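Chains as they are written, first to last, in my numbering: chain A, 2 to 109; chain B, 16 to 598.
Note that CB positions come from ideal geometry on N, CA and C, so glycine has one too.
The model shown is predicted, which means the values in this text are computed figures rather than measured ones.
Notes follow once the structure below has been shown.
Set out below in structure tokens:
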């Protein structure tokens, strides 16, 4: 699994910058990525960017975002920083944890 | 290998050790922590877990060339550096020189929502990266238990911790994990079940308002270790654990002697004073002159050019110097020459352990030949009896190991049995001088005697000692049928004896005169008698002559008258006689 190119099509007001920290390509990493992607597509389509970081290749980066558990998703932007760990199997928890509200709801 | 099989089997039996470099800890553990295995350090808040762990790392990097990784879960890198630098560790410098890596792991629970399966591979990756980047041999995890608060899923966490310790072993690093003490178990979250090789328990207790830290090796798999609780302290140079006793009694015994500065006392000790490197106890009630004798000893040693360290727990250095000046001891020049150093501290300033450690440090630094502790009993008040005995034992051990002659003064409470009250200490001492008061005749006098002096002939006499402005003078006490006489009674007894001698001298002279007189009288009588005799003898001769003359005259007259009457002569018969005339 390679770091994906930016998914954003048109940069709207709030761009979600998400980092997914994994170690190696394994079922758990795959599951986390798939779950994250589908949640984002469903809720913040076009306003997000996922960077996948393989800690085995970039161990230095673990320190910067205080990564202990993998997989971990870190919402770098918008502030404040949010994080969630696990395979992201619980969509509701992911939405709350990363505060990924659809644009319409956010405007209300 | 075959040439020394005993050595090779020895190394098989003994686990490889990783020296901590911490004073005392290596002695207790027989060389250090188990190399390549995790060690758990647990204890309550503020008992020095982090510090001990940090020191293990710092000393490893600085002394044993073993780089280390410090993973801290509680304190940031900056905080940690500041905290340990106050104890003389240059953590920042070691970090700069890439000898130590500090990794601050921080997770807030609010940040850590959990959805689905996960593991702690991130931690492993970080640790692995840190270890590999400097070739670390030592790892400290302080305090892993924070994970229990921040990682929501305990089942996963426990599985991961088990994996972590396995992984650390496989990695071959010597790890130290700190953990908070639990209520009933060693650690709050049962970390001890994962770390089975070595567990060290720290403890901070308050006794009589004085806090003492203790260290105990609860478990050390596959190695002999001291199982007792050892006091330890955190000083300016980090942690030092002081084993109660050195493992063996194997001090070198010196045959050299050290003079006391009081010639008469030396004379009482086989003429040459104490043994060098021995421990000397000086006991007495208050005012018997303990400090003075101790100061004399210190003064004499420093005068000879030896280094003397004087621990005073009652008087300030200035006070001692002033007081000793009054008896003619000039300590100040010796202090200026740095041959004599005073160290004064209030006994209640800190606990016994701290005192002991301070003394050790002073001794280490000053390297004295003679140490005076005045009085050891002041320290005794700040601990229980067994603690005190332990402390004195350790102190004496330490001093003897360094061949340092030590003089302890000890205050005996008035009225207490002298020998009994010191039972805790006396058996540890090589020589014991007892100072005592004698009251009587409306005065108080000081006497001293040697109660014991191992390995030398010593006087059994009680001596009186006088303190004057010229110093100490030991004189014979008068021992007679009425007991020991001291002071004026001794002087009076002396005068009495002198008078008696005088009287007998006079008596003798008198007798001599009498005899002389008698002799003269005798001679006179003899002379008289002789003159009498001579007179009589002379008289006798005169009479005899007279008789002779008269006889011859008579004869002549008869002859003449016979002639006249023409009578015949009968002369011849008369002449043949002895001159006497037979008529």
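Quiz prompt | Length of the line joining the Cα atoms of residue 335 of chain B and residue 210 of chain B | solution = Their Cα atoms are separated by approximately 55 Å.
Quiz item: What three-state label does DSSP hand residue 54 of chain B in the structure shown?
Solution: It is a strand residue.
Quiz item: In chain A, which residues lie with their C-beta within 9 Å of the C-beta of residue 144 of chain B?
Solution: Simply 56, 60, 61, 63 and 64.
Quiz item: Can the beta-carbon of residue 464 of chain B be found closer than 7 Å to that of residue 449 of chain B?
Solution: Contact check for residue 464 of chain B against residue 449 of chain B passes: the beta carbons are separated by less than 7 Å.
Quiz prompt | Which of helix, strand or coil DSSP assigns to residue 128 of chain B | solution = Taken through DSSP and simplified to helix, strand or coil, residue 128 of chain B comes out as strand.
Quiz item: How about residue 130 of chain B: is its C-beta nearer than 7 Å to some C-beta of chain A?
Solution: It does: the Cβ of residue 130 of chain B has a partner Cβ on chain A nearer than 7 Å.
Self-check item: Cβ contact (3+ pairs, closer than 8 Å) linking the segment 82-94 of chain A and the segment 125-145 of chain B
Solution: Pairwise C-beta distances place the segment 82-94 of chain A in contact with the segment 125-145 of chain B, as three or more of them are shorter than 8 Å.
Exercise. Measure from the C-beta of residue 88 of chain A to each C-beta in chain B and report whether the shortest distance is under 7 Å.
Key: Cβ-Cβ to chain B under 7 Å: yes for residue 88 of chain A.
Self-check item: Within chain B, the residues that residue 52 of chain A reaches when beta carbons sit closer than 7 Å
Solution: The CB of residue 52 of chain A never comes closer than 7 Å to any CB in chain B; the least such distance is about 16 Å.
Self-check item: N-terminal and C-terminal residue of the beta strand (DSSP E) that residue 1 of chain A is part of
Solution: The structure shown does not extend to residue 1 of chain A, since chain A spans only 2 to 109, so no value can be given for it.
Exercise. Drop a sphere of 10 angstroms on the beta-carbon of residue 548 of chain B, count the other beta-carbons inside from all chains shown, and report buried for 16 or more, exposed for fewer.
Key: With fewer than 16 other Cβ atoms within 10 Å, it is exposed.
Quiz item: For residue 215 of chain B versus residue 56 of chain B, is the C-beta distance shorter than 7 Å?
Solution: It is a contact, given that the beta carbons lie within the stated cut-off.
Quiz item: How about residue 53 of chain B and residue 194 of chain B: are their beta carbons less than 7 Å apart?
Solution: By the CB criterion at 7 Å, residue 53 of chain B and residue 194 of chain B fall outside the cutoff.
Exercise. Work out the CA separation of residue 484 of chain B and residue 345 of chain B for me, nearest whole Å.
Key: Going from the Cα of residue 345 of chain B to the Cα of residue 484 of chain B covers about 12 Å.
Quiz prompt | Three-pair Cβ contact test at 8 Å for the segment 381-399 of chain B versus the segment 413-431 of chain B | solution = Yes, the segment 381-399 of chain B is in contact with the segment 413-431 of chain B.
Quiz item: Going by the CB atoms, is the gap between residue 323 of chain B and residue 383 of chain B shorter than 7 Å?
Solution: Yes, the Cβ-Cβ distance between residue 383 of chain B and residue 323 of chain B is below 7 Å.
Self-check item: Members of the segment 68-89 of chain A near chain B, C-beta cut-off 8 Å
Solution: Residues passing the 8 Å Cβ filter: 68, 69, 70, 71, 72, 73, 82, 83, 84, 85, 86, 87, 88 and 89.
Quiz item: Within 7 Å (strictly less), CB to CB, does residue 156 of chain B reach chain A?
Solution: Chain A contact via Cβ: absent.
Practice problem: Name, going along the chain, the residues of the segment 22-37 of chain A whose beta-carbon falls closer than 9 Å to a beta-carbon of chain B. | Solution: Contact residues of the segment 22-37 of chain A toward chain B are 22, 23, 24, 25, 29, 32, 33 and 36 (C-beta to C-beta distance below 9 Å).
Quiz item: Which stretch, first to last residue, makes up the alpha helix (DSSP H) that contains residue 314 of chain B?
Solution: From DSSP, the alpha helix (DSSP H) with residue 314 of chain B extends over 305-318.
Quiz item: Can you tell me whether DSSP reads residue 1 of chain A as helix, strand or coil?
Solution: For residue 1 of chain A there is no data in the structure shown, the boundaries of chain A being 2 and 109.
Quiz item: Are the C-beta of residue 136 of chain B and some C-beta of chain A separated by less than 7 Å?
Solution: Cβ-Cβ to chain A under 7 Å: yes for residue 136 of chain B.
Exercise. Enumerate in chain order the residues of its own chain whose CB-to-CB distance from residue 156 of chain B is below 8 Å, with the five nearest sequence positions on each side excluded.
Key: Within the same chain, residue 156 of chain B has close Cβ partners 86, 88, 190, 191, 192 and 193.
Self-check item: Where residue 143 of chain B sits in the DSSP three-state scheme
Solution: Look at residue 143 of chain B here: in three-state DSSP terms it is helix.
Quiz prompt | Top-ranked residue by Cα proximity to residue 57 of chain A, from A:98, A:23 and A:18 | solution = Closest option to residue 57 of chain A, Cα to Cα, is A:23.
Quiz prompt | DSSP bridge partner residues for residue 447 of chain B (one or two, in chain order) | solution = Paired residues: B:296 and B:467.
Exercise. Give me the Cα-Cα distance between residue 529 of chain B and residue 540 of chain B, rounded to the nearest whole angstrom.
Key: Straight-line Cα distance between these residues: approximately 16 Å.
Quiz prompt | DSSP-derived helix/strand/coil call for residue 24 of chain A | solution = Coil.
Self-check item: Helix, strand or coil at residue 493 of chain B according to DSSP, with G and I counted as helix
Solution: Strand, per DSSP.
Exercise. Could you have a look at residue 427 of chain B and say whether DSSP puts it in helix, strand or coil?
Key: Note: residue 427 of chain B maps to coil in three-state DSSP.
Exercise. Answer with buried or exposed for residue 74 of chain B, where buried requires no fewer than 16 other C-beta atoms within 10 angstroms of its C-beta.
Key: Under the 10 Å beta carbon count, residue 74 of chain B is surrounded by 16 or more other beta carbons and is classified as buried.
Quiz item: How is residue 58 of chain A classed by DSSP in three states: helix, strand or coil?
Solution: Of the three classes helix, strand and coil, the one that applies to residue 58 of chain A here is coil, per DSSP.
Quiz item: How would you label residue 544 of chain B, buried or exposed, when you count the other beta carbons within 10 angstroms and need 16 or more for buried?
Solution: With fewer than 16 neighbouring CB atoms inside 10 Å of its own CB, residue 544 of chain B falls in the exposed class.
Quiz item: Is it right to say residue 4 of chain B is buried, meaning 16 or more other beta carbons lie within 10 angstroms of its own, or is it exposed?
Solution: Residue 4 of chain B cannot be examined here, being either before or after the span of chain B that is shown, 16 to 598.
Quiz item: Taking the alpha-carbon positions, what's the residue 75 of chain A to residue 246 of chain B distance?
Solution: Approximately 47 Å, taken between the alpha carbons.
Quiz item: Taking C-alpha atoms, which residue in B:133, B:452, B:185 and B:285 lies nearest to residue 471 of chain B?
Solution: When only C-alpha atoms are compared, the closest one is B:285.
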